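> In this text, residue positions in the sequence shown follow UniProt numbering: the first is 1, and each later residue adds one.
Idealized CB from N, CA, C, for every residue including glycine.
Computed from a predicted structure; not experimentally measured.
What follows is a structure written as structure tokens; I'll ask about it next.
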Amino acid sequence: MSLIRRLRITQRATERAMLEVSLRDEIRYEEIRRRTRVTDIAQRVAKLKWKWAGHVARRTDRRWGSKVLEWRPRAGKRSVGRPPTRSDDIKRVAGSRWKPVAQDRGCWNSLQKTFVQQWTS
Numbered sequence: 001m002s003l004i005r006r007l008r009i010t011q012r013a014t015e016r017a018m019l020e021v022s023l024r025d026e027i028r029y030e031e032i033r034r035r036t037r038v039t040d041i042a043q044r045v046a047k048l049k050w051k052w053a054g055h056v057a058r059r060t061d062r063r064w065g066s067k068v069l070e071w072r073p074r075a076g077k078r079s080v081g082r083p084p085t086r087s088d089d090i091k092r093v094a095g096s097r098w099k100p101v102a103q104d105r106g107c108w109n110s111l112q113k114t115f116v117q118q119w120t121s
């Protein structure tokens, strides 16, 4: 089970607890979301990831954030399994030269909605 799916399950359970609503009440989560006025956790995570990537790309001091983002293993391969893709999902929206795109805040912010939609679908 993916991390985002588990976060969504936990968020929905928390919202039901906030409203003292049981699963047996058969109230749709859209209605619960409307009552609580809480944003979807996956959308929030995607937005923060996009903002962080733009922030790191605009930095010029080469701190650990940009080093982690650009890290490649010595052997040239990652371990077996499905490790985190880091910047691969950002490249799908902004292109392979996403760092220069991030320098223009207006352009970068206009791509955020597309990224959030793709990341949360």
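Name the two residues that bound the continuous alpha helix (DSSP H) containing I4.
Per DSSP, I4 belongs to the alpha helix (DSSP H) from 3-19.
> Give the secondary structure of P100 by DSSP, where H, G and I count as helix, E and B as strand, and everything else as coil.
In the structure shown, P100 sits in a helix (DSSP, three-state: H, G or I).
> Can you tell me whether A17 is buried or exposed? The criterion is at least 16 other CB atoms within 10 Å of its CB, across all chains shown.
Classification of A17: exposed, given that the 10 Å Cβ count is below 16.
> State the start and end residues of the unbroken alpha helix (DSSP H) segment that holds S110.
Residues 105-120.
> Near S66, what residues of its chain come up, given a Cβ to Cβ distance below 8 Å and the 5 sequence neighbours on each side ignored?
Cβ within range, chain order: V56, A57, R59.
> Rounding to the nearest angstrom, what Cα-Cα distance links D40 and E15 in this structure?
Cα to Cα, the separation comes out at about 11 Å.
> Is the beta carbon of D89 less than 8 Å from the beta carbon of W119?
Contact: yes.
> Could you have a look at G54 and say whether DSSP puts it in helix, strand or coil?
It is helical.
> Smallest Cα separation from A53: which of S2, Q103, Q117, S121?
A53 has its Cα closest to that of Q103, out of S2, Q103, Q117, S121.
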